[in-house]
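Participant:
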Ligand SMILES: Nc1ncnc2c1ncn2[C@@H]1O[C@H](COP(=O)(O)OP(=O)(O)OP(=O)(O)O)[C@@H](O)[C@H]1O
Ligand SMILES: Nc1ncnc2c1ncn2[C@@H]1O[C@H](COP(=O)(O)OP(=O)(O)OP(=O)(O)O)[C@@H](O)[C@H]1O
Ligand SMILES: O[C@@H]1[C@H](O)[C@H](O)CO[C@H]1O
Ligand SMILES: [Mg+2]
Ligand SMILES: [Mg+2]
């Protein structure tokens, strides 16, 4: 018998939340690596003339991921590939470093042998990978980054542009949604990414700052997870949280995969009344939202659009277009039971699969 | 060929080569029902190979095998067992991590309800077999905890449990003491009476005459002789084995003149392990000291303790008058000791390493060229040793595992004599070694003593002990019970009684 | 490997080592349990619910450890189990969504059968090192799982499946617990009271001797690796039921925990021995420690340190016993 | 495709003359190399730069594989190397930032010495299974590395360090390559031409016999594990130099690749053999395959599948030769 955000009785809080979210709409809270203020998705569009010029260039691009284990990464690559195809750019390599910087350095070196014109990548570790990216830059390869950039790199000079989700905003959104579901009061636990990783740290900050605005809500315990079995780690962590704090009312998970572990633990402990907020619109959390069970809300990135944007910016730089925005950020999308199906379409550009829509509880 | 009485086994024109080195050449062998047929020959002559072919372990290159008149293919051990052939292997076919009874009934376990193994019954049966053999063993002991002799007895018990119609015994008594051997012979008589045919491989002439009806001798993989034992003299058999007339066995001669008065080794009140207690004796330069005793009497434990493998917990050891507490074999070697261990496979050899590597392992310091080892020196040194001990090996880079049992033993002996020790300890050194070589080894022991070294010799073959020892200690339950000068021992029987403690 | 010996000392050493190898895990388990019970009593460590959690969290490892005990008893190894679990979870989830429960279960088992048969066939008849074969398989299988799912989870809706496979309870007991108990019980009986179990240990104790004795060692090795594959597949379905979806990551890295559990339990990597119950306690021990350390509120790094220390100390102590 | 196949035939003849386990890796290496050269020629696979990449990317694995060859030759194992590399990288980075180059290097080496000594001591004198000890150490050490750095990277500024340790070049050659060549050369000589090497293999081949022959098997085991720890620490510093920072993750999971390289190279997990050059080619083989598959533009999942398949096929083929 899941209880969704709407079942909250405390209208005061839900009003406060709705106001906050409304104010947030279209807003981007994150600033660029060098303090740049963000430009929107719309600033990345290409004219037909530019497209033909790009096609004529017969360019080659490589995609160097940090981690390819979830819907987020898959959607990013999908967005990139589809846009590159449209632009007649060949994707010559895709790599996955599984959160291991030294692996990523090797991947970059290897990919360079293919003499790509463009590399789209997300640095696992800003410091360790800097030298390898510099090598690429010096070889004349254009660089477009996701989420964060190598240490000491300057937009427009060392790299073309960085396209990010509003990670901070995602944290903020998820905090508001959790607060709403909890009616502004109760004890909560956090399951965070115990690693020096820009993106997940940003969310964590966003969430904590925001949840602090709700005096009735108390963070009783935080548990870090190290991976690579993020679901398993989160499950164990949650089990402990619930054992130690039987009166726990809510939990925040740093992204969808950990959230799946959190759900499993909650079910096993017979705590299907617990309220979970997280990030990223993965299939399993989307199902939970559709069922209106356990997951009460999340801040979704738009990984597909981010991919498209990265592809366009990179392509533009290849034909020497000037005035390309160096920091593009896509706003956080609040997702709850109510809008999960539309949100899916918005994030992935396809209708939600039957596995989600079919079980949607009106 | 003989038609009646019907033949239990008939092997015709068997040939076998290992990587193009011929080992068996048109060998013929026949075994009558209820017959005990001895198979003899030098180390490496091909005895085990011939039997492994009959057991389906090796595939013959050509030739024919009939069992009870039927031509059989013997493609694997299953086929052989199905044909009713059981074997007591020279290198044991036992599982160290299983208990005695589990080994005996492996693949033939008696089943109880729900098709589960009936442990109780199996244990009982196993105990019965050993009682039948007149041997006291704890059948629930793990094999890996037991001494060689008991492995051998378990191996025999296992073959018996298969109640095969043809039983192959490959040197079953190699490390058995007299009374276990006797028990085995009585058993063989009973099996014969049951119409079971037995192939008996041995290097011990007395045993052959005692149990066998006929004998076949192989030399260099060819038939050298087949005859009723009633019709041949030991001399004729030996001639067939070694291919020439052989000067008679070594006999005792008084060497007291060569033995110096001062003790090179003095053991006082030594105690070790659970059972070794209050052992005291002197060993003199130039002396050969024999150790006699039943299985488990503590002989091996004694030499192992002196070699630093077991730690002494009481008493003192003096070498050249200096009190020493031997920490480990390395230390013992540096003090001039050497031990030819009882169990060649477990303690003497790294089986998958080459003959060459095994021979030179304790000698590496002397085989350097500058800082590094000199391959050339190693190869040459190994070649010399192979010649000295007439080790039969196609290629000295061949894994020692592929040598014949006796030749493996020669490698162990060679490796230790190579270290030129001042105190040489040998635990059953001639087990599995052929007659010719056995004489050579004993002669060598005497030479070693002659040029001022001291020797401790353990052997369960009393004649052997009596032929070379200057003095014989008798151990029982871990203590020295008698200390004879060889001259004071009138006969083998006399010593036998002392050993048995009668 | 080892062959006869005649020194009392050595015999005694073996006896002693055998003893502690057999018992240390139980001792360690009890000691650690009591320690945690005292230190973490107020954190609800001893609450029925938490104890059930431990059982639940170690169930899949325990189950795979039973099969691994047989593999290691033959002196082989299977590194592919984690990946097999992952692939089985997605394959059965996919099959289920299109063809229903039965098809899903069958498909999942099929994964285990196929992978296990390939591993077993190569090791048994081509006589190649199982470490390499199953290491290659580890990569290949997880790759397939990612490929067919584009690294995305495959949701499972079927309530019956979830109920049976790890998601639900049988009466008062979590179904996972029941699965584990059944596997361990059957495994222990097979290892100790059947011809097969006997021949498994014989094969690992001395393959050549076993062959001479008429054990079909090749077939034995084939069967244990087949078994291990199938059991891993079942474990994968238990993950799927528990997480209500199939995903290539389920089971990632389990091979190490499983092997550790087996060795902690007293089975030697060199074969010839197989302590099924020991393996269960090895798994429980690891689960116990993980659970306790998280409850203690340590962060990831501290957990790793203490967990490592506990294993080392347990092992070291176990040997002190021997030499004393 | 005629060239490689004829080439293969020749190589296979060559294999038959010797022990397949010793030689298959060279065959496999040559075959795969030629295949890639043909298929990926235009993707710059054969470009000097890319070949140097392969060398660079496999250098640390090769170096650790040399030490692991000695460990495995004694029939022991060291699972802690990856973590040791990680800890050494952070410790030397920290020490360097406060006390300079020399202190940094010394501190890094100290990590290897301490961990190696503990592993070795426990295994050699307490006679506990190296698998468990080093598994415990794996967790403990990486935990410490995370703890003291709060999981954050420790940047390295010292240009000399970076130049010497993996970051720079010695003349035309990447320093990493030079390191690898030196380690392999020394390792091969020690294994085959010194008393120590012979005693290492004797210890692994039959510990009891070695002991009876005067080899101090305990000390040998202690030394090889100590060695492996120190070498892992050096590998860690090479990572640090290459990545211009120390981080707990450097080397994570390397133990599997290293062990795989060693076994592919013809060294048996059961000890007694040690093919140092083989281990090098095992490492190169793995690096070669990874590099080629990325250049081939395969998806992540496809890369895993093909990589796994190649290993399995290589191993399977190797056995064909054996039985023929
Ligand atoms: N598997 C093998 N590979 C190569 N050569 C072998 C193999 N087995 C035996 N040989 C060789 O065959 C010859 C005969 O060996 P076999 O074991 O039959 O001798 P044997 O008569 O039993 O000697 P012993 O009395 O010492 O036991 C020996 O030279 C031996 O080296
Ligand atoms: N019947 C038996 N059952 C179990 N263990 C035995 C038996 N006989 C001997 N042992 C063990 O095997 C070892 C034999 O002792 P040891 O070998 O030193 O005596 P030995 O005189 O050398 O006998 P052997 O001639 O068999 O070598 C001892 O450890 C003893 O405990
Ligand atoms: O934002 C993405 C996703 O949250 C992912 O799940 C982990 O990597 C991050 O970069
Ligand atoms: Mg023989
Ligand atoms: Mg003895």
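Protein chains in written order, with the numbering used here: chain X, 1 to 362; chain L, 363 to 864; chain S, 865 to 1188; chain Y, 1189 to 1512.
By construction, the Cβ of each residue, glycine as well, lies at the ideal position given by its N, Cα and C atoms.
None of these values were measured; they are calculated from a predicted model.
Considering only C-alpha positions, which residue in the set L:766, L:447, L:735 is nearest to residue 1078 (chain S)?
Facilitator: Selected option, being the one with the closest Cα: L:447.
Participant: Below 9 Å between beta carbons: does that hold for residue 987 (chain S) and residue 1096 (chain S)?
Facilitator: No. Outside cutoff.
Participant: Using C-beta distances below 7 Å, list every residue in its chain close to residue 1356 (chain Y), excluding the 5 sequence neighbours before and after it, in chain order.
Facilitator: So the list reads 1350, 1363, once near-sequence residues are dropped.
Participant: Run down chain L in chain order and give the residues with a C-beta less than 9 Å from the C-beta of residue 1377 (chain Y).
Facilitator: Result: 734.
Participant: Determine contact between the stretch 534-550 of chain L and the stretch 1098-1112 of chain S, defined as no fewer than three beta-carbon pairs at a distance below 8 Å.
Facilitator: No, because fewer than three Cβ pairs between the stretch 534-550 of chain L and the stretch 1098-1112 of chain S fall closer than 8 Å, the two stretches do not touch.
Participant: Thinking C-beta only, is residue 1131 (chain S) closer than 9 Å to residue 946 (chain S)?
Facilitator: Going by C-beta atoms, residue 946 (chain S) is not nearer than 9 Å to residue 1131 (chain S).
Participant: The alpha helix (DSSP H) that contains residue 200 (chain X), what's its start and end?
Facilitator: From DSSP, the alpha helix (DSSP H) with residue 200 (chain X) extends over 198-211.
Participant: Which full runs of the alpha helix (DSSP H) of 4+ residues lie inside the stretch 480-551 of chain L, going along the chain?
Facilitator: Complete alpha helix (DSSP H) runs here, min 4: 481-495, 510-523.
Participant: Kindly say whether residue 1278 (chain Y), judged by its beta-carbon, lies nearer than 9 Å to any beta-carbon of chain S.
Facilitator: Judged by the 9 Å Cβ criterion, residue 1278 (chain Y) is not in contact with chain S.
Participant: Below 9 Å between beta carbons: does that hold for residue 931 (chain S) and residue 1053 (chain S)?
Facilitator: Their beta carbons are not under 9 Å apart, which means residue 931 (chain S) does not touch residue 1053 (chain S) by this criterion.
Participant: Using the beta-carbon of each residue, which ones in chain X are nearer than 7 Å to residue 1014 (chain S)?
Facilitator: Here the neighbours are 74.
Participant: Which residue from S:1146, S:907, S:1112, S:1164 puts its Cα closest to that of residue 1335 (chain Y)?
Facilitator: Among S:1146, S:907, S:1112, S:1164, the Cα nearest to that of residue 1335 (chain Y) belongs to S:1164.
Participant: Output, in chain order, the set of chain S residues within a Cβ distance shorter than 7 Å of residue 471 (chain L).
Facilitator: Within chain S, the residues near residue 471 (chain L) are 1059, 1062.
Participant: Who are the Cβ neighbours of residue 998 (chain S) in its own chain at under 7 Å, not counting the five residues just before and after it?
Facilitator: Cβ neighbours of residue 998 (chain S) beyond the five flanking positions: 941, 942, 943, 944, 983.
Participant: Could you spell out the range, first to last residue, of the alpha helix (DSSP H) harbouring residue 803 (chain L)?
Facilitator: Here the alpha helix (DSSP H) through residue 803 (chain L) covers 797-812.
Participant: Would you check if the distance between the CB atom of residue 521 (chain L) and the CB atom of residue 430 (chain L) is smaller than 9 Å?
Facilitator: Against a cut-off of 9 Å, the Cβ pair of residue 430 (chain L) and residue 521 (chain L) comes out as no contact.
Participant: Can you check which of these residues, L:649, L:531, L:655, L:374, is closest to residue 574 (chain L) by C-alpha distance?
Facilitator: Nearest C-alpha to residue 574 (chain L): L:531.
Participant: Should residue 476 (chain L) be labelled buried (16 or more other beta-carbon atoms within 10 Å of its own) or exposed?
Facilitator: Under this definition residue 476 (chain L) is an exposed residue.
Participant: One question on the structure: do residue 416 (chain X) and residue 334 (chain X) come within less than 9 Å of each other, judged by their Cβ atoms?
Facilitator: Outside the displayed span of chain X (1 to 362) sits residue 416 (chain X), for which this structure offers no information.
Participant: Kindly provide the ranges of any alpha helix (DSSP H) runs that are 4 or more residues long and lie completely inside the stretch 630-685 of chain L, ordered along the chain.
Facilitator: The qualifying runs are 661-668.
Participant: Any residue with its C-beta under 5 Å from a non-hydrogen atom of ligand 1 counts. Can you list them all in chain order?
Facilitator: In chain order, the qualifying residues are L:380, L:385, L:405, L:406, L:407, L:408, L:409, L:410, L:411, L:754, L:764, L:765, L:766, L:767, L:768.
Participant: Could you run through the stretch 427-461 of chain L and flag, in chain order, every residue whose CB is less than 7 Å away from some CB of chain S?
Facilitator: So the list reads 439, 440, 443, 451, 454, 455, 456, 457, 458, 459, 460, given in the order they occur along the chain.
Participant: Could you pull out every residue in the same chain whose Cβ sits closer than 6 Å to the Cβ of residue 1494 (chain Y), ignoring the five residues on either side in sequence?
Facilitator: Hits under 6 Å: 1481.
Participant: Kindly identify the DSSP beta-bridge partner or partners of residue 706 (chain L).
Facilitator: Paired residues: none, contrary to the question.
Participant: Spell out whether any CB of chain X is found under 9 Å from the CB atom of residue 1351 (chain Y).
Facilitator: Judged by the 9 Å Cβ criterion, residue 1351 (chain Y) is not in contact with chain X.
Participant: In the DSSP assignment, what are the bridge partners of residue 276 (chain X)?
Facilitator: DSSP output for residue 276 (chain X) lists X:251, X:295 as bridge partner(s).
Participant: In its own chain, which residues sit with a C-beta less than 6 Å from the C-beta of residue 822 (chain L), not counting the 5 before and 5 after it?
Facilitator: Result list for residue 822 (chain L): 539, in chain order.
Participant: Helix, strand or coil for residue 1038 (chain S)? Go by DSSP, reduced to three states.
Facilitator: Here residue 1038 (chain S) sits in strand by DSSP.
Participant: Restricting to runs no shorter than 3 residues, where is the beta strand (DSSP E) found entirely within the stretch 92-160 of chain X?
Facilitator: Runs found: 118-121, 142-146.
Participant: Going by Cα to Cα distance, which pick from Y:1396, Y:1391, Y:1361 is closest to residue 1239 (chain Y)?
Facilitator: Comparing Cα positions, the closest option is Y:1361.
Participant: Within 9 Å of any Cβ in chain S, is that where the Cβ of residue 263 (chain X) sits?
Facilitator: Cβ-Cβ to chain S under 9 Å: yes for residue 263 (chain X).
Participant: So, residue 936 (chain S) versus residue 1172 (chain S), is the Cβ gap smaller than 9 Å?
Facilitator: No, Cβ-Cβ distance for residue 936 (chain S) and residue 1172 (chain S) is not below 9 Å.
Participant: Less than 9 Å between the C-beta atoms of residue 283 (chain X) and residue 1019 (chain S), yes or no?
Facilitator: Contact: yes.
Participant: Along chain S, in chain order, which residues have C-beta atoms closer than 7 Å to that of residue 244 (chain X)?
Facilitator: The answer, in chain order, is 907, 908, 1159.
Participant: To the nearest angstrom, report how far apart residue 1475 (chain Y) and residue 180 (chain X) are at their CA atoms.
Facilitator: Going from the Cα of residue 1475 (chain Y) to the Cα of residue 180 (chain X) covers about 52 Å.
Participant: Are there any heavy atoms of ligand 4 lying less than 8 Å away from the beta-carbon of residue 415 (chain L), as far as the coordinates show?
Facilitator: Flag unset: Cβ of residue 415 (chain L) not near ligand 4.
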